[in-house]
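In what follows, a structure is listed as C-alpha cells, so that the remarks can point back to it.
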Amino acid sequence: MTGWAVAGPSLALIKYWGKSSSADNTPATGSLAVTLAGLESRTEAAFDTRDSVVVNDEPQPLARFTPFLDNLRRELSLGDQGLAVVSTNNFPTAAGLASSSSGFAALAGAVAALSGSSLSRPRLSALARQGSGSATRPVYGGFTVFDAGATAAEPEHDEAFWPEFRVVLCVVREGAKATSSRTGMESSRLTSPYYGRWVETSPEVLAEARQALTHRDWGRLGPLVRQSYLRMFGTMFSAEPPLIYWQPESVALIHALAELRAEGYQAWETMDAGPQVKVFCPADQVRKLVAELDRRVPGLRYLTAEPGPGLRTGRKE
Ligand code: PMV
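Structure representation (C-alpha cells):
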C-alpha cells in the first residue's frame, strides 16, 4: 500500500518572514501567495520498519524530518510504524523556488493518504505547517492567505480567478542555498533592529494587497509586492551576521525590471530566501518580457507558471 500526493510550490506575493512561535511554526507576519501549476513535488509514502526520506534520488538526513513524521504518526494514530518516503521535484530544490512549501505539503498529503484517514484541508494545512510555514498554503490552489498567528492557511481565490496572471521564474543559481529560511528568519528576528517594524507594518501591506488582488489591479498590487520583499530583505541585510541571498544577476534583474516598468510593462518582482527573481506579470507580456530580460541579463534559465491546483492525494496497492 502506498499513499501519494502532488503539490505545487507556493510563491508569496506578500511575505511570511519570522515566527511568533518557533516551536510551532506560527507566523509573525501574514502572507498572500499563489500556488503554481506545472512545477511539482510528487511524493509517495509506504510503511516500513524504519523511517527513510529520499528526495530526487538522494537519501536525506533524518533530523529535518523526524519531528514532522513523529507529529504525523501522532495525529494519524499510526503508532510507531516506520515511513519510507520518496519525493521528486521537477524544479530546482532548496534554491529559493519554494520547494519546501510543495515538499512538506505533499509529504503530509502522502502520509495522510497512506493512513486511510480522510482529513479536511484545514487539518492537512495545519499538519504541513510543522514542516515549513509556507507548506500550509499549497494545500489550496490559486491564491491563499496564511495569516499572522494562524495555524493553517485559507483559500482566497481559486486558480481560475485571474486567468491572465503569470509568474516568470528567473533561475539565477541552480544549486541549494547556504542558509535555510528557517535559520534565516530566526536570525533576523533575534538580531535585526528593523525586525519589530517589519512585523508591525506587515498587516497593512497584506490588507491592501488583498484588496488590490480582489480587483486584479496590477498598478496597486505591484508596488505592495515590491514593498513586502524589500522590507523583508531589510531585516536580513541588517541581521548579524548579515544574510545576503542576492547575487549580481539578482540585482541586475531588479534594475532591468524597473527600466521595463518605465517602458510600460506591468512586471513586478519578488525574491525569497535565495538568489532567484520571480516576476508577476500579465500573460500577454511574458514572451517579450523574457526576451528583454534575456537580452539585458544573459545566460539565465526562465520558467513560466500560472496559478495551479491545490494538493492532490490518493492511495494505491
Ligand atoms: O516556511 P518557509 O521556511 O518555507 O519560509 C518561507 C519564507 C519565504 O519564502 C521567504 C516567504 C514566504 O512567505 O514564502
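Numbering (the numbering used here), first residue to last: 5 to 321. Think of the CB as a built atom: it goes at the ideal place given N, C-alpha and C, for glycine as much as any other residue.
Count the other C-beta atoms from every protein chain shown that fall within 10 angstroms of the C-beta of R305, then say buried if there are 16 or more, exposed otherwise.
exposed
Using the Cα positions of L118 and A139, report the straight-line distance between them to the nearest angstrom.
19 Å
Please confirm whether any heavy atom of the ligand PMV lies closer than 7 Å to the CB of D151.
no
Quick one: does the C-beta of K19 sit closer than 7 Å to a heavy atom of the ligand PMV?
yes
Distance check for G226 and T92, CA to CA, integer angstroms please.
32 Å
Beta-ladder partner(s) of N94, from DSSP:
Its beta-bridge partners do not exist; DSSP assigns none.
Considering just the uninterrupted stretch of the beta strand (DSSP E) at W8, what are its terminal residues?
T6 to A11
The ligand PMV heavy atoms versus the CB of D276: any closer than 7 Å?
yes
Could you give the distance in angstroms between the alpha-carbon of V89 and the alpha-carbon of E263?
46 Å
What separation, rounded to the nearest whole angstrom, lies between the Cα atoms of P63 and R141?
26 Å
In chain order, what are the residue ranges of uninterrupted alpha helix (DSSP H) at least 4 long that sit wholly in the region 237-304?
252-266 and 290-300
Buried or exposed (CB count within 10 angstroms, at least 16 for buried), S106:
buried
With the cut-off set at 8 Å, would you say S87 and D52 are in Cβ contact?
Ser is not the amino acid found at residue 87; the sequence shown has Leu there. It is a contact, given that the beta carbons lie within the stated cut-off.
Helix, strand or coil: how does DSSP classify L76 here?
helix
Just verifying my parser: in three-state terms, what is the DSSP assignment at S177?
With the sequence shown as reference, residue 177 is identified as Arg, and Ser is not the correct amino acid for it. Reduced to three states, the DSSP call for R177 is coil.
Where the beta strand (DSSP E) containing R46 begins and where it ends
S45 to D52
From what residue to what residue does the alpha helix (DSSP H) around E160 run?
E160 -> not in any alpha helix (DSSP H); beta strand (DSSP E) instead, spanning E158 to H161.
Confirm the yes/no value for this check: CB of S35, any heavy atom of the ligand PMV, distance under 7 Å.
yes
From S35, R319, G83 and L76, residue whose alpha carbon lies closest to that of G135:
L76
Exposed or buried, what is K320 when buried is set at 16 or more other beta-carbons lying within 10 Å of its beta-carbon?
exposed
Measuring from the CB of G107, is there a heavy atom of the ligand PMV at a distance below 7 Å?
no
Per DSSP, what kind of secondary structure is E62 in: helix, strand or coil?
strand
Between the beta-carbon of S129 and the beta-carbon of V149, is there less than 8 Å?
no
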